[in-house]
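With positions in the sequence shown counted from 1, the corresponding number in our numbering is that position plus 361. Taking it in order: structure first as structure tokens, then the write-up.
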Amino acid sequence: MENGNSIEACLDYLSGKKTFLNTVLASLSVEDQNLIQKGGQKIKVSVPTFSFNQYYGLGRIAYEFPEEKELSVSEILEWKCAEHLRSQSEGIFQDAEYMFIMNPNNIPVIYKRVKEATDLYTKVGALVLPKSDFVRRNLYLPMIFGMSRANRSYIFACDFLEAADKVALPASLKTVDANLKAAFLSSSYMIGDIQRRSLCKAQYKYN
Numbered sequence: 362m363e364n365g366n367s368i369e370a371c372l373d374y375l376s377g378k379k380t381f382l383n384t385v386l387a388s389l390s391v392e393d394q395n396l397i398q399k400g401g402q403k404i405k406v407s408v409p410t411f412s413f414n415q416y417y418g419l420g421r422i423a424y425e426f427p428e429e430k431e432l433s434v435s436e437i438l439e440w441k442c443a444e445h446l447r448s449q450s451e452g453i454f455q456d457a458e459y460m461f462i463m464n465p466n467n468i469p470v471i472y473k474r475v476k477e478a479t480d481l482y483t484k485v486g487a488l489v490l491p492k493s494d495f496v497r498r499n500l501y502l503p504m505i506f507g508m509s510r511a512n513r514s515y516i517f518a519c520d521f522l523e524a525a526d527k528v529a530l531p532a533s534l535k536t537v538d539a540n541l542k543a544a545f546l547s548s549s550y551m552i553g554d555i556q557r558r559s560l561c562k563a564q565y566k567y568n
């Protein structure tokens, strides 16, 4: 999906404002639009699979190993929107992380980007948590595993980490799929470790 208005369109669609359907459709790739425009109650589509490595505690959405599913138009749009919004939030956060690596004293700009990522992920989490496992899995943040393995402080990211845990823990409780449940729970534990390492409870809050 393209950036720009697609973020607001997807947030509106996930919140139940179906009048924004055409805007969401316009934001999809030509391939996805063609699938949806075939019509019918259910559309056969290739969807990525979700796996969990119990040794690493890492979940993964594998696009190279798709499976066939029959989905309704609303299920497809919810999937695509949740995937798009999480990806946008990750991208904004990774931008802030790169800024921190380049110059950790660039505090106002770094915190502004972190707030943008946090606000977006919080909105997505609230809208997607009540939905099915298939849609909910798009809330999973594989980058938490990388942050955990990096074994360094993420003091600039405390607000984002708090928001991520407020999604991961409830998601693990709501989820039926065993792999997805384990992935969310593992992510929650990793977030707690990163928060302790980064002294998040003791940090000064920048507005």
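Glycine included, C-beta positions come from ideal geometry on N, C-alpha and C. Only a predicted model underlies this, so the values are computations on that prediction, with no experimental measurement involved.
Could you pull the start and end residues of the beta strand (DSSP E) that residue i belongs to?
| i | result |
| --- | --- |
| I422 | L419 to L432 |
| P409 | I404 to N414 |
Starting from the C-beta of residue i, find all residues in its chain whose C-beta is less than 7 angstroms away, skip the five residues before and the five after it, and write them out in chain order.
| i | result |
| --- | --- |
| M508 | Y515 and I555 |
| A532 | L490, R497, L500 and F545 |
| I505 | A525, S548, M551 and I552 |
| A529 | F545, S548, S549 and I552 |
| D456 | R474 |
| E429 | K405 and S407 |
Along the chain, where does the alpha helix (DSSP H) containing residue i start, and where does it finish?
| i | result |
| --- | --- |
| V485 | I468 to V489 |
| A525 | C519 to K535 |
| C561 | Looking at the DSSP string, C561 is not in any alpha helix (DSSP H), and its letter there is neither H nor E. |
| S509 | M504 to A511 |
| N499 | No alpha helix (DSSP H) holds N499; DSSP gives it neither H nor E. |
| N366 | N366 to L375 |
CB-CB under 6 angstroms to residue i, same chain, minus the five flanking residues each way: which ones, in chain order?
| i | result |
| --- | --- |
| T479 | D520, F521 and A524 |
| Y482 | S450 and A524 |
| K473 | none |
| G420 | F413, Y501 and A544 |
What residue from the options has the CA that sits closest to residue i's CA?
| i | options | result |
| --- | --- | --- |
| N414 | K430, V408, A423 and G377 | A423 |
| P427 | F411, Y374, N540 and I505 | F411 |
| Y550 | M463, Y472 and Y417 | Y417 |
| S493 | M463, D538, N467 and N464 | D538 |
| N366 | L530, L534, H445 and I462 | H445 |
| K535 | F495, R557, R513 and C561 | F495 |
| C561 | R513, L530 and A529 | R513 |
| R557 | I368, D456, K476 and A518 | A518 |
| K527 | P409, A511, I453 and L488 | L488 |
| L432 | V485, R447, Q455 and V408 | V408 |
| A370 | V391, K430, A457 and A443 | A443 |
| L375 | I462, R447, E458 and S559 | R447 |
Tell me which residues share the same chain as residue i and place their Cβ nearer than 8 angstroms to its Cβ, disregarding the 5 neighbours each side in the sequence.
| i | result |
| --- | --- |
| Y567 | At Y567 the pLDDT is 42, less than 50, meaning the model places this residue with poor confidence and gives no usable figure here. |
| M460 | N467, V470, I471 and R474 |
| E477 | I453 |
| N540 | F411, S412, F413 and G420 |
Margin query: Counting beta carbon pairs with one atom in the stretch 484-501 and one in the stretch 527-547, are three or more of them shorter than 8 angstroms?
Written below: Under the Cβ criterion (8 angstroms, minimum of three pairs), the stretch 527-547 counts as touching the stretch 484-501.
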